[in-house]
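Notes to accompany the following structure.
In the working numbering, the protein residues as written are 1086 to 1248.
Following this line, the structure appears as structure tokens:
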């Protein structure tokens, strides 16, 4: 029998989660891609590259253990980048990614963002499906993307109906 998500809390980043933020993301990046310079910057220094720049990181925590994460990084006026989303393999399929997405969209709206964008790769089909479920639509790729692996860019217009 599958456990419910009632035991999972979504909490804001604290320095004690820095290693977990890196671990959860390095795991999927190394499985599917090569780790890029920008990955290392953000994952090894989340306080500097996310929090200190006005962003936010959410952690999914169960029984004191970090089992998922997502980051939002300011990327211009009223724009946030949704990035570094991951759920530990043994916790997938329990709705944790949905909780992380809801927290991210609520945060974006409360922060006054008008747009949230993300860059991904089409081989991450489960992630792309999740993003579409939450209203993200495909937009043209940014030729100046930080990620060589990105082959899809998606955006969500933040409106009161998104929360």
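We put the beta carbon where it would ideally sit given N, CA and C, even for glycine.
Residue range of the beta strand (DSSP E) that residue i falls in?
{"i": "residue 1127", "result": "Element bounds for residue 1127: not the beta strand (DSSP E) but the alpha helix (DSSP H), 1122–1129."}
{"i": "residue 1236", "result": "Element bounds for residue 1236: n/a, residue is neither H nor E."}
With distances taken Cα to Cα, identify the nearest neighbour of residue i among the options.
{"i": "residue 1184", "options": "1126, 1097 and 1145", "result": "1145"}
{"i": "residue 1113", "options": "1243, 1100, 1191 and 1128", "result": "1128"}
{"i": "residue 1166", "options": "1096, 1218, 1100 and 1196", "result": "1196"}
{"i": "residue 1164", "options": "1095, 1178, 1123 and 1192", "result": "1192"}
{"i": "residue 1109", "options": "1123, 1092 and 1150", "result": "1150"}
{"i": "residue 1125", "options": "1107, 1142 and 1136", "result": "1107"}
{"i": "residue 1178", "options": "1143, 1237 and 1215", "result": "1215"}
{"i": "residue 1218", "options": "1094, 1226, 1187 and 1227", "result": "1187"}
Cβ of residue i versus every heavy atom of the ligand SAM: is any distance shorter than 7 Å?
{"i": "residue 1188", "result": "Judged by which ligands are present, the structure shown has none, so any question about the ligand SAM falls away."}
With DSSP as the reference, label residue i as helix, strand or coil.
{"i": "residue 1150", "result": "strand"}
{"i": "residue 1157", "result": "strand"}
{"i": "residue 1089", "result": "A caution first: residue 1089 carries a pLDDT of 48, below 50, which makes its placement in the model unreliable, though a value can still be read off. DSSP places residue 1089 in coil when its eight states are reduced to three."}
{"i": "residue 1162", "result": "coil"}
{"i": "residue 1248", "result": "Note on residue 1248: pLDDT 46, under 50, position unreliable in the model; the coordinate value appears next. If DSSP states are grouped into helix, strand and coil, residue 1248 belongs with coil."}
{"i": "residue 1098", "result": "coil"}
{"i": "residue 1221", "result": "coil"}
{"i": "residue 1142", "result": "strand"}
{"i": "residue 1198", "result": "coil"}
With respect to the alpha helix (DSSP H) encompassing residue i, which residues constitute its N-terminal and C-terminal limits?
{"i": "residue 1226", "result": "Counting along the chain, residue 1226 falls outside any alpha helix (DSSP H), and DSSP gives it neither H nor E."}
{"i": "residue 1112", "result": "1103–1117"}
{"i": "residue 1210", "result": "1210–1218"}
Return the Cβ separation of residue i and residue j in integer angstroms, given the expectation that the two are a contact with Cβ distance under 8 Å.
{"i": "residue 1158", "j": "residue 1180", "result": "Going by Cβ atoms, the distance from residue 1158 to residue 1180 rounds to 25 Å, so no, they are not a contact pair."}
{"i": "residue 1103", "j": "residue 1132", "result": "7 Å"}
{"i": "residue 1235", "j": "residue 1205", "result": "7 Å"}
8 Å is my cut-off, CB to CB: does residue i come that close to chain D?
{"i": "residue 1156", "result": "Protein chains in the displayed structure number just one, and chain D is not present."}
key: Three CB pairs or more closer than 8 Å across the segment 1197–1211 and the segment 1113–1128   = yes
The segment 1145–1154 contacting the segment 1162–1171, beta-carbon criterion three pairs below 8 Å = yes
key: Cβ pair count under 8 Å reaching 3, the segment 1185–1203 against the segment 1229–1245   = The segment 1185–1203 vs the segment 1229–1245: in contact.
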